[in-house]
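Below you'll find the structure, written out as structure tokens, and then a few comments.
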């Protein structure tokens with residue numbers, strides 16, 4: 003997950019020349035937590051370090 007911790011050494015993967023070889027897919031709807039949106043929202047807050 004690119005929104006979590008920065009790399010320990012070097013540049014983020016998306017700043018490397020090899021990144022141009024990939025076609026990333028970004029899922030816009032939850033799949034695993036679709037039945038529990040409150041849990042999903044809590045996970046999103048943790049992921050983005052925006053806990054309320």
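Numbering (the working numbering), first residue to last: 3 to 54. Idealized CB from N, CA, C, for every residue including glycine.
One Cα belongs to residue 17, the other to residue 26, and the distance between them is close to 14 Å.
Rounded to the nearest angstrom, the Cβ distance from residue 35 to residue 41 is 5 Å, consistent with a contact under 8 Å. For residue 19 and residue 13, the gap between their C-alpha atoms comes out near 11 Å.
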